[in-house]
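Read the structure below first, then the notes.
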Ligand SMILES: Cc1ncc(C[n+]2csc(CCOP(=O)(O)OP(=O)(O)O)c2C)c(N)n1
Ligand SMILES: [Mg+2]
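Chains as they are written, first to last, in the working numbering: chain A, 113 to 443; chain B, 7 to 331.
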C-alpha cells in the first residue's frame, strides 16, 4: 500500500477515529461487567479500519446503515460519545432516548439510519434509503453494512437484483469477520470468496483488506464515484476480524488463540500508529496527547451517562406512532 | 424425585425421541457445534452426528421451508429458531406451507414437524428481540401451539409434539431455561390441548401460560397471605385451548383474571374472555379482567421493562378488582 497517497491529516484522523472506537468499546466491556450496560452488547474491537476507511472516503451528507454491532458506526457518523454511551446505559439522553440500547443507535441529524437487530433486515432498508435519494435526484450515497452471516438471508438476493435493476446509489458492505456467532464462513457456504455473490447480479464486486483504512478508503471512494455517476451499486467484501466474542456472553471457544493472535499482529490501530511514527507525521508525545484527549472524552461520556436519568415509564407510550394521541389499549 | 433444568428436560425429550425414531432430526442455527445458543442441544451432535444435528446458515426462510419439504417426504423435522423473533423471517413457510399443506392436498400430505425456540421478552433486549407471538401462531388453523411453563411439562409436551402428525409450534423462554423442576426418570407423555390446575383455590381463577405462569403463581402465593384463595390454571397449549378446564373452574370461583405476556388486542386473553362470557355468563360475579403487556413495543431502558410486563402487583390489583376488595 502506497502510504504517500494519503495526507498526514488523513492518517491522524484515522488514528483518532479508531482510537476513540477502541477505547470506547473497551470501556463498554468494562461497564457491561459492572452491569451498567445490559442486554446484548456486541463490540467492534479489531474491525475499526472498516468504518474509519469508509468515513474518510464519504461526504458528510452520505448515509450509513448497519446491524446491531453499531457503536463504532454511530461514533464515526459524528454522534457524540456522550450520546452513544448514554444509549448503552438506557438513559433518556442517549441517541435513541434509551429506547434502543446497544443494538439500536440512530441519528437522523448525522445521517445514521441505525443499528438493526434482525440479521440482514437492513439490507433492503439500505437500498430503500438509496432509492429515496435517487428519486429526489440527490447526490448522496448509502453505505449498507452487514455481516458474513447476514449475507445468508434471502433478502440479500431480492435486494441485490432490484438495486442493480434500478442502479441504486448504494454500497453494500459485507463486514466479513470470519464468523457469525460460532459459525465460521466455511461452515455456511460453498463460495468462500463472498464478493462473488454480487457477480451473479453483474454487480461490481470486490474483496478488500479490512485491516487497514487505506485499502478500505480506496475501494469505498471508487464505489462512491460509481454510485454518484448513476452507475449503481457495488458490493465490497471487506475482510476483517473481531477480537472479542460475538457478544459479551460468548466465550468464543470455536476458534484458536493463535488465530486471534495472528490478526492482532496486523492490528489496524497499531499499523496506522507505526505509519504515523515512521513517516514522522506524529511523535510519540503527540499520540500520547491524543490518547489523553480520547480518554477524557470517554470519561466525560461515562459521567454524563451516570448523571442522566432513565426515561420515565410513561415514555413507553411515546414514539410509537407519529400521530399524537393514538388510542392505545390500557388496562 | 430428581430435579433438572428446563433446558435439560427439553434435551431429554429430544434425545429420547431421536433414539426412538430415526426420522427425527434437529436443524437450526448453532444447534450442533456450539451446542445450542441456549445450550438446549448440549452434547447431541456427539451422540447423533452431523447427519441428524444440523447447523444451518442464518437462513430461517430457507431452513423452515426445507423442514416442511422434508416433512412432506416422510421425515419428522424439529426446526429450532434461535428465538421466535427471527421466525418472522420464516413465517411464510410456517403459515402458507406447513399449516396449509394437509388441507390443500386433500389429506395427502400431513406435516409432522416441530418449530421450537424461545419466545417473549428476556430483559433489556430492545423492541426487535422482545416479542411474544403465541397468539399470532394460535390464530392459524392447521397449527398447534404449545407453551410449557416448567421442566416436567416441557419434557412431556415436547415428546408428544415430536410424535404429533401435525405441525406444532413449541415456545420456550430464555428466562426459563435455567429453572429447575422435578422430572421423573421414567418415560411419560403429556397430551397436547389439556390444561393443568397448578394450584387449587376457591375465590378466583387465574389463567395463564408459559413463563408468565411464574407471576400468576407468585400472585396466588402473595394473596394467600391476605386470605384470598386463587385457583391457578396453566393452559400449557394455546391452540387448541382447553376451555372446559377454565370454564369448570370459573363455575366454582365465579371470577376470572387472565395473565399473558402479549399485546392486548386479539390476544389469548381476549379469546378466553369471549368464550367464558359466552358459556358461563350466569356464573360470573364480576367482569373478567386481563393483565397483558403494555400496548407498545418494549424499549431498552430498565424503566420500560418494569412497566411493560405483567407483575405481581398488577395481577393482585386485578384479582382484588374482580373480588371488589
Ligand atoms: C434473522 C435473525 N436470525 C438470527 C439472529 C441471531 N443472531 C444475531 S447476530 C447473529 C450472527 C450474525 O453474524 P454476522 O452477520 O456475521 O455479523 P457479526 O455478528 O459477525 O458482526 C445471529 C445468528 C438474528 N438476530 N436475526
Ligand atoms: Mg460475522
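Even glycine gets a Cβ: it sits at the ideal position worked out from N, Cα and C. Given the structure is predicted, the values throughout are model-derived calculations rather than measurements.
Taking the alpha-carbon positions, what's the residue 115 of chain B to residue 164 of chain B distance?
-> For the purposes of this step, residue 115 of chain B is identified with residue 109 of the second chain, where counting begins at 1. For the purposes of this step, residue 164 of chain B is identified with residue 158 of the second chain, where counting begins at 1. C-alpha separation (whole angstroms): 22 angstroms.
If you drop the 5 nearest sequence neighbours on each side, which residues of the same chain put their C-beta closer than 6 angstroms to that of residue 84 of chain B?
-> By one-based count along the second chain, residue 84 of chain B stands at place 78. Once the five neighbours on either side are set aside, the close Cβ partners of residue 84 of chain B are 32 and 120.
If the cut is a Cβ gap below 7 angstroms, which residues of chain A does residue 81 of chain B touch?
-> On the second chain, residue 81 of chain B is found 75 positions in, with the first residue counted as 1. Simply none; closest approach about 22 angstroms.
So which of B/172, B/134 and B/43 has the shortest CA-CA distance to residue 152 of chain B?
-> Your numbering for residue 152 of chain B matches position 146 in the second chain. The option with the nearest alpha carbon to residue 152 of chain B is B/172.
Grouping DSSP H, G and I as helix and E and B as strand, with all else coil, what is residue 387 of chain A?
-> Taking the first residue of the first chain as 1, we reach residue 387 of chain A at position 275. Looking at residue 387 of chain A - three-state DSSP - the assignment turns out to be helix.
Between the C-alpha atoms of residue 277 of chain A and residue 344 of chain A, what's the straight-line distance to the nearest angstrom?
-> Here residue 277 of chain A refers to the residue found at position 165 of the first chain. Here residue 344 of chain A refers to the residue found at position 232 of the first chain. So the two alpha carbons sit approximately 9 angstroms from each other.
Contact check, residue 325 of chain A vs residue 164 of chain A, beta carbons under 8 angstroms = Residue mapping note: residue 325 of chain A aligns to position 213 of the first chain, counting from 1. Residue mapping note: residue 164 of chain A aligns to position 52 of the first chain, counting from 1. In this structure, residue 164 of chain A lies closer than 8 angstroms to residue 325 of chain A by Cβ.
Pick out the complete alpha helix (DSSP H) segments inside the stretch 287-344 of chain A, 4 residues or longer, and give them in chain order.
-> 308-311 and 325-340
Compute every distance between the C-beta of residue 260 of chain A and the non-hydrogen atoms of ligand 2, then say whether any falls below 7 angstroms.
-> Position 148 of the first chain, counting from 1, holds the residue named residue 260 of chain A. Residue 260 of chain A: yes, Cβ under 7 angstroms from ligand 2.
Apart from the five residues just before and just after residue 50 of chain B, which ones in its own chain have a Cβ nearer than 6 angstroms to its Cβ?
-> Your numbering for residue 50 of chain B matches position 44 in the second chain. So the qualifying residues of the chain are 59.
So, using beta-carbon positions, are residue 158 of chain B and residue 188 of chain B closer together than 8 angstroms?
-> In the second chain, counting from the first residue as 1, residue 158 of chain B sits at position 152. In the second chain, counting from the first residue as 1, residue 188 of chain B sits at position 182. For residue 158 of chain B and residue 188 of chain B, yes; Cβs fall inside 8 angstroms.
Determine the direct distance from the alpha carbon of residue 261 of chain A to that of residue 63 of chain B, and round the result to whole angstroms.
-> Working through the second chain from its first residue, we reach residue 63 of chain B at position 57. Working through the first chain from its first residue, we reach residue 261 of chain A at position 149. The alpha-carbon atoms of residue 63 of chain B and residue 261 of chain A are separated by roughly 7 angstroms.
Every unbroken alpha helix (DSSP H) inside the stretch 259-295 of chain B [4 residues or more] = 274-286
Along chain E, which residues have their Cβ under 7 angstroms away from the Cβ of residue 132 of chain B?
-> Absence of chain E from the displayed structure is noted, the protein chains being A and B.
Using a threshold of 7 angstroms, is the CB atom of residue 292 of chain A nearer than that to any non-hydrogen atom of ligand 2?
-> If you number the first chain from 1, residue 292 of chain A lands on position 180. Checking the Cβ of residue 292 of chain A against ligand 2 gives yes.
Would you verify that the beta carbon of residue 312 of chain B is, or is not, closer than 8 angstroms to some beta carbon of chain A?
-> In the second chain, the residue the question calls residue 312 of chain B occupies position 306. Closer than 8 angstroms: yes.
Can you say whether residue 123 of chain B is buried or exposed, counting buried as having 16 or more other CB atoms within 10 angstroms of its CB?
-> Residue mapping note: residue 123 of chain B aligns to position 117 of the second chain, counting from 1. Under this definition residue 123 of chain B is a buried residue.
Give the DSSP-derived three-state secondary structure of residue 158 of chain A in the structure shown.
-> As a first step, residue 158 of chain A is located in the first chain; it is residue number 46 there, counting from the start. Looking at residue 158 of chain A - three-state DSSP - the assignment turns out to be coil, as it is neither helix nor strand.
Thinking C-alpha only, which one of B/108, B/313, B/79 and B/297 is nearest residue 218 of chain B?
-> Taking the first residue of the second chain as 1, we reach residue 218 of chain B at position 212. Cα-wise, what sits closest to residue 218 of chain B is B/297.
For residue 287 of chain B, does the count of other Cβ atoms within 10 angstroms reach 16, so buried, or fall short, so exposed?
-> Within the second chain, the letter at position 281 stands for residue 287 of chain B. Burial call: exposed.
Delimiting residues of the alpha helix (DSSP H) encompassing residue 11 of chain B | Here the question's residue 11 of chain B lines up with position 5 in the second chain. No alpha helix (DSSP H) holds residue 11 of chain B; the beta strand (DSSP E) holding it covers 9-11.
Please decide whether residue 197 of chain A counts as near chain B, where near means a Cβ-Cβ distance under 8 angstroms.
-> Numbered from 1 along the first chain, position 85 holds the residue referred to as residue 197 of chain A. No - not a single Cβ of chain B is within 8 angstroms of the one on residue 197 of chain A.
Name the one or two DSSP bridge partners that residue 179 of chain A has.
-> Indexing the first chain from 1 puts residue 179 of chain A at position 67. In the DSSP output, where bridge partners are listed per residue, residue 179 of chain A has A/228.
Consider the C-beta atom of residue 289 of chain A and the heavy atoms of ligand 2; say whether any pair is separated by less than 7 angstroms.
-> Within the first chain, residue 289 of chain A is the residue found at index 177, counting from 1. At least one heavy atom of ligand 2 is nearer than 7 angstroms to the Cβ of residue 289 of chain A, so yes.
Could you pull out every residue in the same chain whose Cβ sits closer than 6 angstroms to the Cβ of residue 358 of chain A, ignoring the five residues on either side in sequence?
-> Within the first chain, numbered from 1, the residue matching residue 358 of chain A stands at position 246. Excluding residues within five positions, the ones whose Cβ falls inside 6 angstroms are 293.
Can you name, in chain order, every residue of its own chain whose Cβ lies under 8 angstroms from the Cβ of residue 67 of chain B, other than the five neighbours on each side?
-> Residue numbering aside, residue 67 of chain B sits at position 61 when the second chain is read from its first letter. Counting only Cβ-Cβ distances below 8 angstroms, and skipping sequence neighbours, we find 95, 96, 98 and 99.
Is it the case that the CB of residue 358 of chain A approaches a heavy atom of ligand 1 more closely than 7 angstroms?
-> Numbered from its first residue, the first chain carries residue 358 of chain A at position 246. For ligand 1, at least one heavy atom lies less than 7 angstroms from the Cβ of residue 358 of chain A.
Using a C-beta cutoff of 8 angstroms, does residue 95 of chain B count as contacting chain A?
-> Counting from one through the second chain, the residue named residue 95 of chain B turns up at place 89. Yes - at least one Cβ of chain A is within 8 angstroms of the one on residue 95 of chain B.
Residues of the stretch 427-442 of chain A with Cβ closer than 8 angstroms to any Cβ of chain B, in chain order | 427, 428, 429, 432, 440, 441 and 442
Proximity winner among B/328, B/315 and B/179, relative to residue 256 of chain B (alpha-carbon distances) = If you number the second chain from 1, residue 256 of chain B lands on position 250. Residue B/328 is the option with its Cα nearest to residue 256 of chain B.
Could you say if the stretch 10-26 of chain B and the stretch 435-442 of chain A meet the contact criterion of at least three C-beta pairs nearer than 8 angstroms?
-> no
Could you list the residues in the stretch 298-316 of chain A with a C-beta less than 8 angstroms from some C-beta on chain B, going in chain order?
-> 299, 300 and 301
Within the 8 angstroms Cβ cut-off, does residue 366 of chain A reach chain B?
-> For the purposes of this step, residue 366 of chain A is taken as residue 254 along the first chain, with counting starting at 1. With 8 angstroms as the cut-off, residue 366 of chain A counts as an interface residue toward chain B.
Between residue 157 of chain A and residue 429 of chain A, what straight-line distance do the alpha-carbon atoms span, to the nearest angstrom?
-> Walking along the first chain from the start, residue 157 of chain A turns up at place 45. Walking along the first chain from the start, residue 429 of chain A turns up at place 317. Straight-line Cα distance between these residues: approximately 35 angstroms.
What first and last residue would you give for the alpha helix (DSSP H) that runs through residue 170 of chain B?
-> Numbered from 1 along the second chain, position 164 holds the residue referred to as residue 170 of chain B. Where residue 170 of chain B is concerned, there is no enclosing alpha helix (DSSP H), given that its DSSP letter is neither H nor E.
When every heavy atom of ligand 1 is checked, does at least one fall within less than 7 angstroms of the C-beta of residue 64 of chain B?
-> Taking the first residue of the second chain as 1, we reach residue 64 of chain B at position 58. Residue 64 of chain B: yes, Cβ under 7 angstroms from ligand 1.
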